[in-house]
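For the sequence shown, UniProt numbering gives the first residue as 1, with consecutive numbering after it. In what follows, a structure is listed as structure tokens, so that the remarks can point back to it.
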Amino acid sequence: METPLVTTEMAEAYQRDGVVLVKGLWKDWVDVIRAGIERNMAEPGPYAAENLKPGEGGRFFDDYCNWSRIPEFSEVIRNSDVAEVAARLMGSDTVQVFHDHVLVKEPGTSKPTPWHQDGPYYFVEGRQTVSFWSPVDPVREASLRCVAGSHLWEKEVLPTRWLSEENFYPDPETYMPVPDPDAEGMRILEWAMEPGDAVAFDFRTLHGARGNLTSTRRRAFSLRLVGADARYVERPGRTSPPFPGHGMQPGARLREDWFPYLKRGAV
Numbered sequence: 001m002e003t004p005l006v007t008t009e010m011a012e013a014y015q016r017d018g019v020v021l022v023k024g025l026w027k028d029w030v031d032v033i034r035a036g037i038e039r040n041m042a043e044p045g046p047y048a049a050e051n052l053k054p055g056e057g058g059r060f061f062d063d064y065c066n067w068s069r070i071p072e073f074s075e076v077i078r079n080s081d082v083a084e085v086a087a088r089l090m091g092s093d094t095v096q097v098f099h100d101h102v103l104v105k106e107p108g109t110s111k112p113t114p115w116h117q118d119g120p121y122y123f124v125e126g127r128q129t130v131s132f133w134s135p136v137d138p139v140r141e142a143s144l145r146c147v148a149g150s151h152l153w154e155k156e157v158l159p160t161r162w163l164s165e166e167n168f169y170p171d172p173e174t175y176m177p178v179p180d181p182d183a184e185g186m187r188i189l190e191w192a193m194e195p196g197d198a199v200a201f202d203f204r205t206l207h208g209a210r211g212n213l214t215s216t217r218r219r220a221f222s223l224r225l226v227g228a229d230a231r232y233v234e235r236p237g238r239t240s241p242p243f244p245g246h247g248m249q250p251g252a253r254l255r256e257d258w259f260p261y262l263k264r265g266a267v
């Protein structure tokens, strides 16, 4: 069944390519999200990071896992159409919150967001996952870039730390090296975007972004959701986000009190 924002063709493209553009997902929520981002930057959480080395121009701020303490984010997550859109794209009658993420590149920030897959950083596995990346500023050159079909690769891409560029886990041989999609001629999908548009992509989709060399800000809000087949999995080290003290065992569904249902099917 189609929703007003997701056609059958879009759902099929999401399954095939691991990424699709959802026009106007949060067009009625842009001011609310902007206010939430400003609150987040003024009151950063424990995971907030500045992702530039000394001497690099601009500012690249990111922070995550703040939706439960920032009312603007909670309002958007619970009251927008995002759960129905996620269910349609994932092919799941269950939608659960995983976490939120804010990424801000101020004007003159040349540093790109490195190519990476989100999945290897997380302690969740499943075929029904979706991340929404939505700018609240018009975006052209600094848009998100995704490699079509990379969510179907047999081997995950090596996760690294953005600032130090070190390996995230102690067993890099179990992952494939980070590729160079431009040099290797991979099919890269990217779109010019208006505030409230969203790129929806699978946790395993390889993605990155150019720096922001424009004269305007590039503020983006991301929301990560999981479907019915998502399960907790142990990683060989501290995950990102870590969620310390979660108490879950391998193979378990994510605990509902920490990761609430936005849409509940047969569980």
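Virtual Cβ for every residue (Gly too), placed ideally from N, Cα, C.
In terms of Cβ geometry, C65 and H99 form a close pair [threshold 7 angstroms]. In this structure, the straight-line span from the alpha carbon of P138 to that of N167 is close to 33 angstroms. Residue pairing from DSSP places F221 in a beta bridge opposite V102 and S134. Rounded to the nearest whole angstrom, the C-alpha separation of P135 and E72 is 15 angstroms. Note that the C-beta distance between L89 and A142 is not below 7 angstroms. Its chain contains V30, P135, V136, D137 and P138 as the residues whose beta carbon lies nearer than 7 angstroms to that of P195, once the 5 sequence neighbours on both sides are disregarded; these appear in chain order.
Going by beta carbons, R264 and T94 fall inside the 7 angstroms limit. In this structure, the beta-carbon distance from E154 to R231 does not fall below 7 angstroms. Assignment of beta-bridge partners to Y261 by DSSP yields Q96. Straight through space, the alpha carbons of F60 and V130 are spaced by roughly 24 angstroms. Shown here for G57: same chain residues with a beta carbon closer than 8 angstroms to its own, the five before and five after excluded, namely G108, T109 and S110 in chain order. When DSSP states are grouped into helix, strand and coil, M176 belongs to the strand group. When beta bridges are read from the DSSP output, D31 appears opposite no residue.
In the pairwise beta carbon analysis, the segment 70-84 is classified as not touching the segment 110-123: fewer than three pairs are separated by under 8 angstroms. For R145, the enclosing beta strand (DSSP E) has its first and last residue at L144 to V147. Under the 8 angstroms Cβ criterion, the segment 11-28 does not count as touching the segment 174-182, having fewer than three qualifying pairs. L21: member of the beta strand (DSSP E) spanning V19 to V22, first to last residue. Put simply, of G149, E234 and L223 the residue whose alpha carbon is nearest the alpha carbon of L262 is L223. Contact between D63 and N51 does not hold, since their C-beta atoms are separated by about 11 angstroms, which reaches or exceeds 8 angstroms.
The secondary-structure analysis by DSSP pairs N167 across a beta bridge with T160. Counting along the chain, the unbroken beta strand (DSSP E) around A198 starts and ends at A198 to F201. Secondary structure at G208: strand, using DSSP grouped into helix, strand and coil. Within the same chain, and ignoring the five residues on either side of V104 in sequence, the residues whose Cβ sits closer than 6 angstroms to its Cβ are F61 and R219.
Contact between V97 and L5 is absent: CB atoms are separated by about 19 angstroms, not below the 8 angstroms threshold.
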